[in-house]
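> Each residue of the sequence shown is one higher than the one before, counting from 50 in this note's numbering. Glycine is no exception: its CB is placed at the ideal position from the N, C-alpha and C atoms. Before I ask anything, here is the structure I am working with.
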Amino acid sequence: MLQSARQSNNATPATTQAAAPQTVSIALADRNWQLSLNAPNLKLVRDETSPDKHARQIVAIDPQQNLTVSIFFEPSATIGDAKVARQFYFERLKHSPILMREDKFTDGPNDSARADYVIPDLDQHNVNLYLAKEGVWIDVHLSMEFAKPDQEQQQQAALDEIVKSVRIENKPQPSRQRAPLHVDSQRVARSFRSAYALRSAEEYDMSVPNEKPPKVYDGDGDSLMEREHEELASAFC
């Protein structure tokens, strides 16, 4: 089953060559939170959700930066935080045929666990961020091929900016627009007059024999209380 990841531009177009920040968010249907990151020029190429909707994967690319972003959501394999998730996934990764070097573990942003490594055959720099929330493990994989040695520092800085933006946040609440309230001013006025008549009826002296509550009349000589009762009765018929 395919679903679309939400993308939005959060800034006005830049006047320099730098691309405007873009937020990419991914979530599971039964959760009230989402994972978001900021990255310019990302294009979504894959978005898959498991049939039970408990796992999800998206892949997005930025051809200009030789950047690939993959995000995986799945139920946690065991009880544990982001560091436990990193240990679990990285051990599997190290048993793959992919040759890695310069791997190192550090603390990532927003309670994430970070792993950096290089794939020398591709001259590809990789960062994996692992997060854990409510029994869900999240793996954010960023890979970038450094085009030229003199651009390596600039590309690493761009990669680190994306990493710093990774966060878990509440899903935006759908906007709720209340329907305009139609007020019948004449009916409201009659209701007030009826309430006044009822108040007057409560205040008349019960000790006086045969005393009846005063009536409030409109210009046509009809009792407003009686008219109001007739209107209400007709409304419910």
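1. Please report the straight-line C-alpha distance between aspartate 199 and threonine 72, rounded to a whole angstrom.
2. With respect to the alpha helix (DSSP H) encompassing serine 192, which residues constitute its N-terminal and C-terminal limits?
3. Can you give me the start and stop residues for the alpha helix (DSSP H) that isoleucine 211 sits inside?
4. Using CA coordinates, which residue listed in Phe195, Asp101 and Asn177 is at the minimum distance from valine 189?
5. Distance check for alanine 131 and glutamine 222, CA to CA, integer angstroms please.
6. Taking C-beta to C-beta, are serine 145 and glutamine 173 nearer than 7 Å?
7. Who are the Cβ neighbours of glutamine 113 in its own chain at under 6 Å, not counting the five residues just before and after it?
8. Quick check on alanine 134: does DSSP put it in helix, strand or coil?
9. Please report how far the alpha carbon of proline 169 lies from the alpha carbon of phenylalanine 195, in whole angstroms.
10. Determine, using beta-carbon pairs with one atom in the region 131 to 142 and one in the region 213 to 222, whether at least three such pairs fall under 8 Å.
11. Please determine, among Glu201, Ala164, Ile75 and Gln202, the residue with the shortest C-alpha to C-alpha distance to serine 121.
12. Is it right to say alanine 88 is buried, meaning 16 or more other beta carbons lie within 10 angstroms of its own, or is it exposed?
13. Smallest Cα separation from phenylalanine 154: which of Gln204, Tyr166 and Gln205?
14. For serine 119 versus valine 108, is the C-beta distance shorter than 7 Å?
15. Any idea if valine 185 is buried or exposed, counting beta-carbon neighbours within 10 angstroms, 16 or more meaning buried?
16. Helix, strand or coil for arginine 141? Go by DSSP, reduced to three states.
17. Going by the beta-carbon positions, is the gap between lysine 220 and asparagine 81 smaller than 7 Å?
18. Starting from asparagine 87, follow the beta strand (DSSP E) in both directions and report where the run begins and ends.
19. Please look up how many angstroms separate the CB atoms of alanine 134 and alanine 181, rounded, as I've assumed it's under 8 Å.
20. Counting C-beta neighbours from all protein chains within 10 Å, is the total for glutamate 151 16 or more, i.e. buried, or is it exposed?
Taking the geometry as given:
1. Here residue 199 is taken as the residue at index 150 of the sequence shown, counted from 1. Here residue 72 is taken as the residue at index 23 of the sequence shown, counted from 1. Straight-line Cα distance between these residues: approximately 29 Å.
2. In the sequence shown, residue 192 corresponds to position 143, counting from 1. Premise fails: serine 192 lies in the beta strand (DSSP E), 185 to 194, not in any alpha helix (DSSP H).
3. Along the sequence shown, read from residue 1 onward, the residue named residue 211 stands at position 162. For isoleucine 211, the enclosing alpha helix (DSSP H) starts and ends at 201 to 214.
4. Here residue 189 is taken as the residue at index 140 of the sequence shown, counted from 1. Comparing Cα-Cα distances from valine 189 to each of Phe195, Asp101 and Asn177, the minimum goes to Asn177.
5. For the purposes of this step, residue 222 is taken as residue 173 along the sequence shown, with counting starting at 1. For the purposes of this step, residue 131 is taken as residue 82 along the sequence shown, with counting starting at 1. Their Cα atoms are separated by approximately 27 Å.
6. For this step, residue 145 is matched to residue 96 along the sequence shown. For this step, residue 173 is matched to residue 124 along the sequence shown. Contact flag unset, no.
7. Indexing the sequence shown from 1 puts residue 113 at position 64. Its chain contains Asn90 as the residues whose beta carbon lies nearer than 6 Å to that of glutamine 113, once the 5 sequence neighbours on both sides are disregarded; these appear in chain order.
8. Taking the sequence shown and counting its residues from 1, one reaches residue 134 at position 85. Alanine 134: helix per DSSP, three-state reduction.
9. As a working mapping, residue 169 is identified with position 120 in the sequence shown. As a working mapping, residue 195 is identified with position 146 in the sequence shown. In this structure, the CA atom of proline 169 is about 11 Å from the CA atom of phenylalanine 195.
10. They do not touch, by the three-pair rule.
11. Residue numbering aside, residue 121 sits at position 72 when the sequence shown is read from its first letter. Here residue 121 turns out to be phenylalanine, not serine, going by the sequence shown. Selected option, being the one with the closest Cα: Ile75.
12. Translated into the one-based positions of the sequence shown, residue 88 becomes position 39. Its Cβ being crowded by 16 or more others within 10 Å, alanine 88 is buried.
13. Stepping through the sequence shown from its first residue, residue 154 is reached at position 105. Nearest C-alpha to phenylalanine 154: Tyr166.
14. As a first step, residue 119 must be located in the sequence shown, where it is residue number 70. As a first step, residue 108 must be located in the sequence shown, where it is residue number 59. Going by C-beta atoms, serine 119 is nearer than 7 Å to valine 108.
15. Residue mapping note: residue 185 aligns to position 136 of the sequence shown, counting from 1. Burial check for valine 185: the Cβ neighbour count within 10 Å reaches 16 or more, so the residue is buried.
16. As a working note, residue 141 is residue 92 in the sequence shown. Looking at arginine 141 - three-state DSSP - the assignment turns out to be helix.
17. As a first step, residue 220 is located in the sequence shown; it is residue number 171 there, counting from the start. As a first step, residue 81 is located in the sequence shown; it is residue number 32 there, counting from the start. Result yes, Cβ atoms of lysine 220 and asparagine 81 sit closer than 7 Å.
18. In the sequence shown, counting from the first residue as 1, residue 87 sits at position 38. Asparagine 87 -> beta strand (DSSP E) spans 82 to 87.
19. Here residue 134 refers to the residue found at position 85 of the sequence shown. Here residue 181 refers to the residue found at position 132 of the sequence shown. Cβ-Cβ separation between alanine 134 and alanine 181: approximately 5 Å, consistent with a contact (criterion under 8 Å).
20. Locating residue 151 in the sequence shown gives position 102, where the first residue counts as 1. Exposed is the label assigned to glutamate 151, since fewer than 16 other Cβ atoms lie within 10 Å of its Cβ.
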